[in-house]
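Participant: Chains as they are written, first to last, in the working numbering: chain A, 1 to 548; chain B, 549 to 946. Positions of the beta carbon are idealized from the N, C-alpha and C atoms, including for glycine. Just so you know, these numbers come straight off a predicted model, no measurement behind them.
Structure, rendered in structure tokens:
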């Protein structure tokens, strides 16, 4: 590798802007600047030194901040596109999805669907962007952290006069020996919590260097977070199930392999009182009903036999709990959330058997809608449930069928055998209709009563990736605060032929910094620092600044 | 208690206006080079603004006591609180930089935002189950404080732009700067219009089917330029004005027709106000503002804007993303669900992250940096106002 040697005797790797020893500008560009660009201390980075192999090229591509910013901007625009129309996951599931977009949003909706934007955040290219961001974060950080760390660790106290005069804040005091004021100024600096090191008639004061590591710390946090997010692709780390549970029912909790059982005592829906003094205006505005509580009172059991292949569950009570929104039930790294409900689901129906001719009631039967019996006896009469459709509809061929096993719209075909008649009679019952296929029945069956039940919908979650996300988030915040709320300040002072020169550099808050230095300079009769940039220079800087 | 609370808010509102007057007076002293006088009046302005802030804090606390939850649960409460956090951020930055100019620009923005909040219904609303959590307070308050400080970054950037942009000829820059001022005037316009209409007790009610498919009524406090989709005036209001147009059916936010109607009124009244001012001043308004900032050091305001972002960005991230994710995990079973409001918070985060990288590594200082902060604040406002108007999501509230 080509080495660049400086007049101070220090040798620098290729790509160096400012000498690692004395700070003297080495590259032509640095030489031409009125104030030096102090990024990464002007140290050479891998991305500037090598340009040959494919690996170098990939490295150089991802190490560029320009590329990083482009990835962020593309991600930002892509994310915003995903909010133009609702995403697939927010659309009711029981309809044709492509048709839905076209019907609701017309031509643009169809285009949106055809381009796959309805599942944008799960698309391969969106994930690829996130992956590119992760790679960029890793490479750009490594490329910059090590040179910066080395430069700051090995920095010398004594800097070249050119380096100092080309800093943004500079002061020159003529006809003064530095040794006269040295002790006094060290005292001042130490009072302001600076760490002072001296080398002959040169001095370096520094504080807040650790804020320079903030960006790298927060990048590590982000990388951890993004990798944690990628772990969610492996299903073993992740349980996401849903269960309906009826009042009084005990059932196995899905996703726990039969280890845990849940019994629901009651689902409760509570509304705010419409005449509440504080809230009545807002409640009226909302149309009179505002929900106060969704709650399922449950008892959690553990099945002692769950790891045995056979045998009935042996349930041991663990705890009782009221699951509410915002108050999930937590156990063994699982969490059960209140998510949905159904009020007044049919549970059982009572029917009475009537002799239509005499108007005499013969008796009643009860049909359990989840687990109906086949035969019912009343005295000498037998009623047989020939067929049962819990959620009745006529299918495309006009044949009675059921949509599901949930009794939302139950229908029954009964057969009545009476002692008086040889032939049995068939009746068809559904909600709101009582159909006699032969139109000659003597006995009719009428609905006599309904038993209803509330049903609660609970989500079961277990997520092993959360610890990664938590750790990533915490590291990210620490790094962000570290880099934002502290500043790195350095002051160089040295003897020069004509007098004493002060140069100073910080990574932000220049005005406060200049004020701090001038406060100290005043006390020891040194000239005030002046800010060497002005607006015109700023504009020039913008012109060449972006050449990375 | 609710009444005490609204009195506190009223007092705060007028105190801010008085503070603004004091800050403005410092300019005339500065012109006459009376530095000590200018400093003294600046200090008085600061003290009055602090009193206003304390009064608004009084509003916040008493309303909290009245409703049993922090007043950050609907649009009125949130926007009022955002105005308060902008004032707070200003007070902090004034203590660091002692610049009256910052007050001259921040107080009007705070006042406009608080006035704009009155466009939304101000009843104390009960909390639905999803909001019944301490995370409501933690998440929303942190987010608003972050946004308030980012807002000061925008205001410092705006001062920078007014200071450096050449007003002697028309350019893209003067056009966009004028657009920013026009937008603010629209907010003033709507606040005045709503205030006038409520003084006359105007109201018009429609029957309509809302975004959840429920047949209900919707009342406007302003004459209806635009009615609800397939809505009908109720019998009593049949001979009232309007509606001239119908709200498009794709606007699915809570009470979208009323919000759209208010939006149209703000354009109308804002344009009227703008034209009047423009004819009176015979100049672009941003050019008329330029003399106010003549003595401003643009470098300093570039730094103030950057510093505000550095302070505000971590707070915003903590509130709008991290606390948001923790709460979403507890209330909605997952920490992230690509709800539009979530996505726009992420977009805002990405945008400011891009800003920081451009500034640190690509040398985007000064004017470029200031324009970026204008866009950043526009994103925050977009997420607050437009997302709530157009999109029905989990973050829907009136």
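Would you please verify whether the beta carbon of residue 413/A is less than 8 Å from any beta carbon of chain B?
Facilitator: Looking up residue 413/A in the first chain gives position 413. It does not: the Cβ of residue 413/A has no partner Cβ on chain B nearer than 8 Å.
Participant: Is it true that the region 468-476 of chain A meets the region 145-162 of chain A, where meeting means three or more beta-carbon pairs spaced less than 8 Å apart?
Facilitator: Not touching, per the Cβ criterion.
Participant: Return yes when the Cβ of residue 837/B is within less than 8 Å of the Cβ of residue 826/B, no when it is not.
Facilitator: As a working note, residue 826/B is residue 278 in the second chain. As a working note, residue 837/B is residue 289 in the second chain. In this structure, residue 837/B does not lie closer than 8 Å to residue 826/B by Cβ.
Participant: Taking the beta strand (DSSP E) that residue 499/A belongs to, which residues open and close that run?
Facilitator: Within the first chain, the letter at position 499 stands for residue 499/A. Per DSSP, residue 499/A belongs to the beta strand (DSSP E) from 499-506.
Participant: Taking the alpha carbon of residue 684/B as the point to measure from, which residue in 728/B, 713/B, 637/B and 625/B has its own alpha carbon closest?
Facilitator: Residue 684/B sits at position 136 when you count from the first residue of the second chain. Measuring from the Cα of residue 684/B, the nearest candidate turns out to be 625/B.
Participant: For chain B, is any of its Cβ atoms less than 8 Å away from the one on residue 323/A?
Facilitator: Residue numbering aside, residue 323/A sits at position 323 when the first chain is read from its first letter. Taking Cβ atoms only, chain B never reaches closer than 8 Å to residue 323/A, which makes this a no.
Participant: Smallest Cα separation from residue 446/A: which of 435/A, 456/A and 440/A?
Facilitator: Within the first chain, the letter at position 446 stands for residue 446/A. The shortest C-alpha separation from residue 446/A is found at 435/A.
Participant: From residue 933/B to residue 892/B, what distance separates their C-alpha atoms?
Facilitator: Counting from one through the second chain, the residue named residue 933/B turns up at place 385. Counting from one through the second chain, the residue named residue 892/B turns up at place 344. Approximately 12 Å between the Cα atoms of the pair.
Participant: With H, G and I counted as helix, E and B as strand and the rest as coil, what does DSSP make of residue 94/A?
Facilitator: Along the first chain, read from residue 1 onward, the residue named residue 94/A stands at position 94. Three-state result, residue 94/A: coil.
Participant: Using a Cβ-Cβ distance under 8 Å, would residue 20/A count as near chain B?
Facilitator: The count along the first chain starts at 1 and reaches residue 20/A at position 20. False, the Cβ-Cβ gap to chain B never drops below 8 Å.
Participant: Between the region 436-465 of chain A and chain B, which residues of the former have a C-beta closer than 7 Å to a C-beta of the latter?
Facilitator: Per Cβ criterion, the list reads 459 and 461.
Participant: Taking the C-alpha atoms as reference points, what is the distance between residue 190/A and residue 206/A?
Facilitator: Stepping through the first chain from its first residue, residue 190/A is reached at position 190. Stepping through the first chain from its first residue, residue 206/A is reached at position 206. Those two C-alpha atoms are separated by around 10 Å.
Participant: Which residues, in order along the region 413-434 of chain A, keep a beta-carbon less than 9 Å from a beta-carbon of chain B?
Facilitator: Taking 9 Å as the Cβ-Cβ cut-off against chain B, none of the residues of the region 413-434 of chain A qualify.
Participant: For residue 964/B, I'd like the list of residues in its chain whose CB is within less than 6 Å of its CB, leaving aside the five on either flank, ordered along the chain.
Facilitator: No information on residue 964/B is available, as it lies outside the stretch 549 to 946 that chain B covers here.
Participant: Suppose only complete runs of 4+ residues qualify. What are the alpha helix (DSSP H) ranges in the region 79-147 of chain A, listed by chain order?
Facilitator: Whole alpha helix (DSSP H) segments, 4+ residues: 97-114.
Participant: Given a limit of 8 Å on CB to CB distance, which residues of the region 669-680 of chain B reach chain A?
Facilitator: Within the region 669-680 of chain B, the residues whose Cβ lies closer than 8 Å to some Cβ of chain A are 669, 671, 672, 673, 674, 676, 677, 678 and 680, listed in chain order.
Participant: Go through its chain and collect everything with a Cβ distance to residue 17/A's Cβ below 6 Å, but skip five positions before and after it.
Facilitator: Stepping through the first chain from its first residue, residue 17/A is reached at position 17. Taken in chain order, the residues that qualify are 27, 30 and 42.
Participant: Measure from the C-beta of residue 910/B to each C-beta in chain A and report whether the shortest distance is under 8 Å.
Facilitator: As a position in the second chain, residue 910/B is number 362, starting the count at 1. Yes, its Cβ sits closer than 8 Å to a Cβ of chain A.
Participant: Skipping 5 residues on each side, what residues in its chain have a beta carbon closer than 7 Å to that of residue 333/A?
Facilitator: Position 333 of the first chain, counted from the first residue, corresponds to residue 333/A. If we look at residue 333/A and ignore the five residues flanking it on each side, its Cβ neighbours are 462.
Participant: Going by DSSP, which residues form a beta bridge with residue 323/A?
Facilitator: Counting from 1 along the first chain, the entry for residue 323/A is found at position 323. In DSSP, residue 323/A forms a bridge with 296/A.
Participant: Look at the alpha carbon of residue 8/A and the alpha carbon of residue 20/A, and state the distance between them as a whole number of angstroms.
Facilitator: For this step, residue 8/A is matched to residue 8 along the first chain. For this step, residue 20/A is matched to residue 20 along the first chain. Cα-Cα distance, rounded: 10 Å.
Participant: Note down, in chain order, every chain A residue with its Cβ under 9 Å from the Cβ of residue 858/B.
Facilitator: The count along the second chain starts at 1 and reaches residue 858/B at position 310. Those within 9 Å of residue 858/B in chain A are 483, 484, 485, 508 and 509.
Participant: Among 525/A, 532/A and 531/A, which has the Cα closest to the Cα of residue 176/A?
Facilitator: Counting from one through the first chain, the residue named residue 176/A turns up at place 176. Residue 176/A has its Cα closest to that of 525/A, out of 525/A, 532/A and 531/A.
Participant: Per DSSP, residue 399/A forms a beta bridge with which residues?
Facilitator: Position 399 of the first chain, counting from 1, holds the residue named residue 399/A. Answer is none; residue 399/A lacks a bridge partner.
Participant: Cutting at 7 Å between CB atoms, please list the residues of its own chain near residue 675/B, excluding the five before and the five after it.
Facilitator: Position 127 of the second chain, counting from 1, holds the residue named residue 675/B. Hits under 7 Å: 617 and 621.
Participant: Taking only three categories from DSSP, how would you classify residue 191/A?
Facilitator: Within the first chain, residue 191/A is the residue found at index 191, counting from 1. In the structure shown, residue 191/A sits in a helix (DSSP, three-state: H, G or I).
Participant: Taking only beta-carbon positions, decide if residue 491/A is within less than 8 Å of chain B.
Facilitator: Counting from one through the first chain, the residue named residue 491/A turns up at place 491. No, residue 491/A does not count as interfacial toward chain B.
Participant: Check the Cβ-Cβ distances between residue 870/B and every residue of chain A, and say whether any is below 8 Å.
Facilitator: The sequence position of residue 870/B within the second chain is 322, counting from 1. Yes, because at least one Cβ of chain A sits closer than 8 Å to the Cβ of residue 870/B.
Participant: To the nearest angstrom, how far is it from the Cα of residue 545/A to the Cα of residue 767/B?
Facilitator: Within the first chain, the letter at position 545 stands for residue 545/A. Within the second chain, the letter at position 219 stands for residue 767/B. Note that residue 545/A has pLDDT 41, beneath the 50 cutoff, so the model's placement of it is unreliable and the number below is only indicative. Their Cα atoms are separated by approximately 56 Å.
Participant: Using 8 Å as the threshold, is the region 812-832 of chain B in touch with the region 679-698 of chain B, meaning 3 or more CB pairs across them?
Facilitator: Result no; under three Cβ-Cβ pairs closer than 8 Å.
Participant: Would the beta-carbon of residue 58/A fall within 8 Å of that of residue 136/A?
Facilitator: Numbered from its first residue, the first chain carries residue 58/A at position 58. Numbered from its first residue, the first chain carries residue 136/A at position 136. Not a contact, by the Cβ cut-off of 8 Å.
Participant: Going along chain B, which residues have a C-beta under 7 Å from residue 76/A?
Facilitator: Within the first chain, residue 76/A is the residue found at index 76, counting from 1. In chain order: 895, 898 and 899.
Participant: Taking the DSSP output, what are the residues bridged to residue 169/A?
Facilitator: Residue numbering aside, residue 169/A sits at position 169 when the first chain is read from its first letter. Partner(s): 504/A and 531/A.
Participant: So residue 532/A and residue 168/A are supposed to be a Cβ contact under 8 Å. How far apart are they, rounded?
Facilitator: For the purposes of this step, residue 532/A is identified with residue 532 of the first chain, where counting begins at 1. For the purposes of this step, residue 168/A is identified with residue 168 of the first chain, where counting begins at 1. The pair is a contact, with the Cβ atoms about 6 Å apart (cut-off 8 Å).
Participant: Please state if the CB of residue 336/A and the CB of residue 329/A are separated by a distance shorter than 8 Å.
Facilitator: Counting from one through the first chain, the residue named residue 329/A turns up at place 329. Counting from one through the first chain, the residue named residue 336/A turns up at place 336. Contact: yes.
Participant: For residue 850/B, which of helix, strand or coil comes out of DSSP?
Facilitator: The sequence position of residue 850/B within the second chain is 302, counting from 1. Helix at residue 850/B.
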